[in-house]
Ligand code: MN
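Numbering (this note's numbering), first residue to last: 324 to 661.
Okay, structure coming up:
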């Protein structure tokens, strides 16, 4: 079989490998059908991921069909369509014990710390394979994983009905968060530096958009919210500056959710956090969000294919990466067919 492997930063190849074998009774063999390219895959390719190890078969957003099951697998059978939850955890450390295994001390993410989904076959634990509705197409279901990230963010931000939600960045994750925040009843403001992204946000029913290149973000937020500030601000742009802006524009008793892996410090005065009792929190991966998101997909409550800009064959991986690197504003989510 073929696998897409980053041998070392800057060097990605399609390599020939043995089809992996089921080694434990609680594992399943999945034939990969579709996989999505994420910003973090590109970071691993560029050598800018603070967590990845090499060589690595990348990809953590993938769906496929069960082709073999271990002896102890009861709830899945050959032919089932599944989405793979890409996290492995110890179950014993503090975060695991309090129900936050996504930040396990020994966390391993498929496609980051372990070989992932950009290959024709993958063996995963049965608990990591989630069935979705037969009626869903592969190119819809492949967006389930990114929407679990959005689900997590809206949970961390505790979005309530009629909250003003400010989302910085209208890339695929920003737009998934927009959809989820709307689903939770938020009034959504989206900013980006590209007008084409803001058009996409409007098409997905963003209530307000702000062009951060041409408009003053803080005064726009104040204007839209009648001086209150956003109740929940989600930084899906992930720069040192957008984190500062997030804290600056969030209302008293508001929540700021940070998703970035940037290691450059931001300047945030204590008083800005204390005066309005802001809650600033991180959101990483997801905690048991697959069932909820699959339910929403099965009932077609979200619009996943709106995030897809390119459908390509996995053999075109290098072209796909070039598209992302071109900073072409027309690139949103690229999905690969296997
Ligand atoms: Mn991703």
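Glycine residues also receive a C-beta, built at the ideal position from the N, C-alpha and C atoms.
Two segments are said to touch when three or more pairs of C-beta atoms, one from each, lie closer than 8 Å; by this definition the segment 479-491 touches the segment 551-564. By the neighbour-count criterion, in which a residue is buried when 16 or more other Cβ atoms sit within 10 angstroms of its Cβ, residue 361 is buried. A straight line joining the alpha-carbon of residue 395 with that of residue 450 spans about 11 Å.
Considered as a whole, the segment 482-525 harbours 487-491, 510-515 as its complete beta strand (DSSP E) runs of no fewer than 3 residues, in chain order.
Beta-bridge partners assigned by DSSP to residue 379: 329.
Between residue 410 and residue 399 the beta-carbon gap is near 18 Å, outside 8 Å, which marks them as no contact. Here residue 640 has 327 as same chain residues with Cβ atoms under 6 Å from its own Cβ, once five neighbours each way along the sequence are excluded.
Counting only runs of 3 or more residues that sit fully inside the segment 551-596, the beta strand (DSSP E) segments are 553-558, 573-581, in chain order.
Contact between residue 406 and residue 455 holds, since their C-beta atoms are separated by about 6 Å, short of 8 Å. Judged by pairs of C-beta atoms under 8 Å, the segment 575-582 touches the segment 592-605, as three or more such pairs exist. Counted as a single uninterrupted DSSP element, the stretch harbouring residue 426 is not any beta strand (DSSP E), since DSSP gives it neither H nor E.
For residue 391, the CB contacts under 8 Å within the same chain, skipping 5 residues up- and downstream, are 345, 351, 352, 401 in chain order. Restricting attention to 566, 347, 364, the CA atom closest to the CA of residue 333 is found in 364. Proximity to residue 614 across 521, 467, 348 peaks at 467, based on C-alpha coordinates.
Of the heavy atoms belonging to ligand 1, at least one sits nearer than 8 Å to the Cβ of residue 384.
The three-state reading of DSSP puts residue 412 in coil, since its state is none of H, G, I, E or B. For residue 367, the shortest separation between its Cβ and any heavy atom of ligand 1 does not lie below 8 Å.
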